[in-house]
Amino acid sequence: METCPWCEKGKLATVKGTVYWELPDGTRAVEITETPSSHCESCDALFQSDEIVKEIENQLFLIDSKQLEKQTKYSELMNMKRLLKRNYFDF
Numbered sequence: 009m010e011t012c013p014w015c016e017k018g019k020l021a022t023v024k025g026t027v028y029w030e031l032p033d034g035t036r037a038v039e040i041t042e043t044p045s046s047h048c049e050s051c052d053a054l055f056q057s058d059e060i061v062k063e064i065e066n067q068l069f070l071i072d073s074k075q076l077e078k079q080t081k082y083s084e085l086m087n088m089k090r091l092l093k094r095n096y097f098d099f
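Position 67 (the sequence shown) corresponds to 75 in our numbering; numbering is contiguous.
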């Protein structure tokens, strides 16, 4: 098990959590449930890996965000149809 990067004491557990994300155009935020997350047993921190953060940000950039409800599951978000194949602005 990994050690928590926040408190450097607790052990991390893999869980599914709820996150809130601002859309790239800044018009609103969405609630994303069942998001792969890490949870510290000691300090109670709940956070996402850099990879998950990048996946969410890219997907929100590539989909028609007008089709997105106020709340969605992570798996549903990641399966939404993309307007572009990839983020061409990510160098």
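Backbone N, C-alpha and C fix where the C-beta goes; we use that ideal spot for every residue, glycine too.
CA-to-CA distance, residue j to residue i, given in whole angstroms
i	j	result
Ile60	Pro44	7 Å
Leu85	Val23	18 Å
Asp72	Thr26	21 Å
Met9	Thr80	30 Å
Cys15	Lys78	32 Å
Trp29	Glu65	9 Å
Beta carbon proximity, residue i to chain C, threshold 8 Å
i	result
Asp52	Among the chains of the structure shown, chain C does not appear; only one protein chain is present.
Simplified DSSP assignment, three categories, for residue i
i	result
Leu92	coil
Ser83	helix
Ser50	coil
Buried versus exposed, by CB contacts within 10 Å (16 or more), residue i
i	result
Gln67	buried
Ser46	buried
Cys48	buried
Residue i versus the options, residue with shortest Cα-Cα distance
i	options	result
Leu91	Ser83, Ala53 and Phe69	Phe69
Residue interval of the beta strand (DSSP E) (run including residue i)
i	result
Leu20	Leu20 to Glu30
Enclosing alpha helix (DSSP H) for residue i [first to last residue]
i	result
Gln67	Asp58 to Leu70
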